[in-house]
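Numbering (full-length UniProt numbering), first residue to last: 1 to 354.
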């Protein structure tokens with residue numbers, strides 16, 4: 001007689017005693033509990049030797065299902081199984097690619113319907129956060145932070161540093177003679193010369209320095225330099241040391257003609273600072289030219305938000321929308337990305353003209 005097996009010992013395959021025929025438990029047919037007095041088979045028991053016939057224990061179970069004859073499997077022939085729901089007929093896609101129609105719809109004002117989780121849409125976007133721009137881009141977290149003005153005594157506009165030299169070529173395309181100004185570190189205007197129509201002037205300066213151009217006969221506000229009333233000397237690409245700037249008539253003289261770019265790819269964090277003595281209302285100009293209310297900002301408060309390069313903003317009295325406040329001393333602000341962490345826009349009641 002064999003000794004009992006040690007703990008956690010599993011006998012070789014086939015050495016469990018077979019259950020008596022018909023011995024069933026609630027959980028099904030199982031072998032009886034181990035009885036050490038019965039010992040173990042030293043080899044396969046006789047009824048487990050293959051004879052072509054079922055053992056007595058096997059005979060107690062219902063007969064198994066044998067495979068059908070070769071070539072007679074039910075169903076359509078090989079390759080003719082129907083495709084899953086939503087997958088069009090035809091050859092499979094290239095390795096790693098989705099089936100046709102399985103792409104997510106691109107962003108932008110494309111009419112629906114679309115396949116996928118994005119709702120179909122058409123027409124102008126509703127009020128709220130900025131619409132997704134077209135094109136592939138990393139996920140951009142939307143910023144919406146209001147705070148106090150950290151330094152109310154700080155100059156609204158000033159040149160910040162003298163570390164990275166570069167040159168700027170200004171070209172006058174207004175049709176009139178213009179006066180060019182540089183804003184120094186104390187926020188004061190310094191004349192940099194006059195420019196006749198069609199003439200250019202190259203100025204040696206530094207990154208972050210601020211320039212403006214005026215002609216009182218053309219406009220009460222600063223002229224547009226590369227689309228903005230305030231020009232910041234920042235290279236478009238890292239390592240550039242020469243910039244081109246065009247001076248034109250300000251399109252902001254008629255706010256109703258402004259339209260933000262519809263297809264934008266560069267997110268820009270903008271900080272609006274209310275330096276007026278009253279509450280103001282910030283409005284975004286849609287690609288269709290409509291003014292959308294985005295924020296009511298109390299005096300002495302700041303608002304950081306996410307905009308896109310090429311988008312326009314205006315600022316007005318919340319109770320009188322025709323009364324516009326100046327954004328960086330212009331009637332509008334056009335979002336432009338520089339190398340700074342965020343763009344700073346100061347809201348004032350007047351313009352820099354003396």
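Glycine residues also receive a C-beta, built at the ideal position from the N, C-alpha and C atoms.
Nearest-angstrom Cβ-Cβ length linking residue i and residue j, presumed shorter than 8 Å
i	j	result
residue 272	residue 303	5 Å
residue 214	residue 222	6 Å
residue 329	residue 229	6 Å
residue 334	residue 148	With 8 Å as the limit, residue 334 and residue 148 do not qualify as a contact, their Cβ atoms being about 27 Å apart.
residue 297	residue 314	Residue 297 to residue 314, Cβ: 13 Å. No contact.
residue 173	residue 247	6 Å
residue 299	residue 278	6 Å
Helix, strand or coil at residue i [DSSP, three-state]
i	result
residue 230	coil
residue 264	coil
residue 184	coil
residue 143	coil
residue 274	strand
residue 114	Residue placement at residue 114 cannot be trusted, given a pLDDT of 45 that sits under 50; what the coordinates show is reported in the next sentence. Looking at residue 114 - three-state DSSP - the assignment turns out to be coil, as it is neither helix nor strand.
residue 256	helix
residue 158	coil
residue 221	coil
residue 360	There is no way to answer for residue 360, as the model of the chain reaches only from 1 to 354.
residue 200	strand
residue 148	strand
residue 207	coil
residue 175	coil
residue 249	coil
residue 242	strand
residue 194	strand
residue 164	coil
Nearest candidate by alpha-carbon position, reference residue i, set the options
i	options	result
residue 306	297, 319, 279, 342	342
residue 184	157, 172, 174	157
residue 211	332, 318, 193, 296	193
residue 292	278, 274, 282, 300	282
residue 249	300, 141, 224	224
residue 365	347, 149, 143	The structure shown has nothing for residue 365, since the chain only spans 1 to 354.
residue 324	344, 280, 310	280
residue 259	247, 274, 269, 227	227
residue 241	327, 208, 299, 173	208
residue 160	232, 200, 176	232
residue 349	294, 274, 318	274
residue 294	310, 318, 278	318
residue 244	171, 256, 197	171
residue 261	217, 310, 270	310
residue 143	316, 344, 269, 290	269
residue 255	200, 197, 327	327
residue 141	217, 266, 290, 197	266
Whole alpha helix (DSSP H) elements within the region 277-349, 4-residue minimum: none
Given 8 Å, three or more beta-carbon pairs between the region 162-175 and the region 185-204: yes
At least 3 beta-carbon pairs within less than 8 Å: the region 171-190 vs the region 326-342: no
Any 3 or more C-beta pairs closer than 8 Å across the region 170-182 and the region 279-286: no
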